[in-house]
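Going left to right, the sequence shown walks through residues 1 to 308 as our numbering numbers them. Presented below is the structure to which this report refers.
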Amino acid sequence: MYLVLFNFNQIFYLVKHLRLFTFVFIPFLMLLFFSSCVSKKKYLEAIQIQMGQSDSLNMLLQSCRETVQEKNLDIARRMGENDALLATQNKMLDRIQQLDDELEQLANSATSDLESAEANIKSKEAEIAQKQQKIEELKALLNDREAAMNQLLLLIKDTLTGLKAEQLSVENVNGKLSISFSMDFLFSKGSTTKFLKDGEQALEKLCDLLNDFPSLDILVIGHTDNKPTNRNSISDNWQYSALQAVSVVRAMTERYDVSTSRISAVGKGEYAPRASNTSAQGQALNRRIEVLVYLSDDRLLRDLNKKL
């Protein structure tokens, strides 16, 4: 609210003199008019004095009017500014309300997104826990397989006990059991079909044990040194090693009842040596028949899929 600041001294002065003019000056004129004691000259002078005061009062009144008009104009201008300020304030309040609404929407959206993310995290955690459980089960399965192969390794060593180190070696190679017989222990010198008695007995004992583990596959591998063969019927060491491996497979299946579905033969000749061929001892180690016992990939995958 804006108030007009009047010059109350001026207004009071104006009103006071107007009253004097009304209640003093007019009777004074009448008195002079009817009095024979006042001269005409004094009468005229009094008239002029009062007229001068009247003009002064009129000028003062006009000044007051102008002042009031200026104040009214100033009030109108200030009221206009105030209206503009109020309009701006209303706009700002509307914008604040809009921002509050947007903030509330964002908060609701963030809460919803957070709840959705938490639910998704819980779902993923449950999925991870389930997969972790399956991984643990697979590890347990593989550990059981490894333990079983190690147990079989001990059984094979016990079964073939008494053989010399140069005649037999048994080891676990990446989860597969490798039983290597010296070629000179199994076969007559230079032969690919004639077995020696001690070697054949050892092969029979091995087959009796492996028949108790029908889920394991068997691969018979023939190996030679790098000396060329002296037989005209055999072209090279590769063929020589393959023929010996086939003879061992035939003996294991036809004499000792190993299933033909789980056994096969290959020849590697001189291309997978265990030692250097630069010495007689190294050459003897390389001339061998290796019986590789393992769980087939298909069977292992089938067992793993059961866990999955």
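C-beta: ideal position from N, C-alpha, C; glycine also.
- Output yes or no for whether 8 angstroms exceeds the beta carbon distance between residue 283 and residue 227. At the C-beta level, residue 283 and residue 227 come within 8 angstroms of one another.
- Compute the distance between the beta-carbons of residue 287 and residue 149, then report whether it is under 8 angstroms. No Cβ-Cβ contact shorter than 8 angstroms links residue 287 with residue 149.
- Message: Helix, strand or coil, according to DSSP, for residue 248 in the structure here?
- Response: In the structure shown, residue 248 sits in a helix (DSSP, three-state: H, G or I).
- Is it true that the CB of residue 199 sits closer than 8 angstroms to the CB of residue 237? The Cβ-Cβ distance between residue 237 and residue 199 does not fall below 8 angstroms.
- Message: Does residue 158 pass the burial test, meaning 16 or more other C-beta atoms within 10 Å, or should it be called exposed?
- Response: Residue 158 counts as exposed, since fewer than 16 other beta carbons sit within 10 angstroms of its beta carbon.
- Task: Could you tell me the boundaries of the alpha helix (DSSP H) in which residue 280 lies?
- Result: That run of the alpha helix (DSSP H) goes 280–286.
- Would you mind reading off the limits of the beta strand (DSSP E) that contains residue 181? Counting along the chain, the unbroken beta strand (DSSP E) around residue 181 starts and ends at 176–182.
- Message: Would the stretch 136–147 count as touching the stretch 118–125 if we require 3 or more Cβ pairs under 8 angstroms?
- Response: Touching, no.
- Task: With DSSP as the reference, label residue 310 as helix, strand or coil.
- Result: Missing from the structure shown is residue 310; the chain here goes from 1 to 308 and no further.
- Task: For residue 221, name the three-state secondary structure that DSSP assigns.
- Result: DSSP places residue 221 in the strand class (E or B) of the three-state scheme.
- Query: Hey, how far is the Cα of residue 253 from the Cα of residue 260?
  - Reply: Their backbone Cα atoms lie some 6 angstroms apart in a straight line.
- Message: Just to confirm my understanding: we take residue 219, look at its own chain, exclude 5 residues before and 5 after, and list those with CB closer than 6 angstroms. What are they?
- Response: Around residue 219: 264 and 292.
- Counting only the same chain and skipping the five closest in sequence on each side, list residues whose C-beta sits under 7 angstroms from that of residue 36. The pLDDT assigned to residue 36 is 49, lower than 50, so where the model puts this residue is not dependable, and the model offers no usable value.
- Comparing alpha-carbon positions, which option in 201, 192, 233 and 225 lies nearest residue 247? Checking every option, the nearest Cα to that of residue 247 belongs to 192.
- Which whole-angstrom value describes the C-beta separation of residue 175 and residue 137, a residue pair presumed to lie in contact below a C-beta threshold of 8 angstroms? Taking C-beta atoms under 8 angstroms as the contact rule, residue 175 and residue 137 fail to qualify, at a distance of about 18 angstroms.
- Item | Integer Cβ distance of residue 245 from residue 289, believed to fall under 8 angstroms | Rounded to whole angstroms, the Cβ separation of residue 245 and residue 289 is 7 angstroms, and the two are in contact under 8 angstroms.
- Task: Apply the 10 Å Cβ neighbour rule to residue 214 and answer buried if 16 or more other Cβ atoms are within range, or exposed otherwise.
- Result: Counting Cβ neighbours within 10 Å, residue 214 comes out exposed, since fewer than 16 surround it.
- List the endpoints of the continuous beta strand (DSSP E) containing residue 269. First-last of the beta strand (DSSP E) with residue 269: 263–269.
- Task: Pick helix, strand or coil for residue 213, following the three-state DSSP scheme.
- Result: Correct three-state label for residue 213: coil.
- Task: Please classify residue 276: does DSSP put it in a helix, a strand, or coil?
- Result: Under the three-state reduction of DSSP output, residue 276 falls in the coil class, being neither helix nor strand.
- Query: When the Cα atoms are used, what is the spatial distance from residue 103 to residue 130?
  - Reply: Cα-Cα distance, rounded: 40 angstroms.
- Message: Is the beta carbon of residue 181 closer than 8 angstroms to that of residue 167?
- Response: With respect to residue 181, residue 167 sits close: the two C-beta atoms are nearer than 8 angstroms.
- Message: Beta-carbon within less than 6 angstroms of residue 84's beta-carbon, same chain only, minus the 5 sequence neighbours each way: which residues are those?
- Response: For residue 84, there are no CB contacts under 6 angstroms within the same chain when 5 residues up- and downstream are skipped.
- Item | Best match in 272, 209 and 255 for proximity to residue 223 [C-alpha to C-alpha] | Among 272, 209 and 255, the Cα nearest to that of residue 223 belongs to 272.
- Query: Hey, out of 45, 211, 230 and 274, whose CA is closest to residue 258's CA?
  - Reply: When each option's Cα is compared against that of residue 258, the closest is 211.
- Report the rounded CA-to-CA distance for residue 309 versus residue 128, giving the unit in angstroms. In this structure the chain extends from 1 to 308, so residue 309 is not present and cannot be described.
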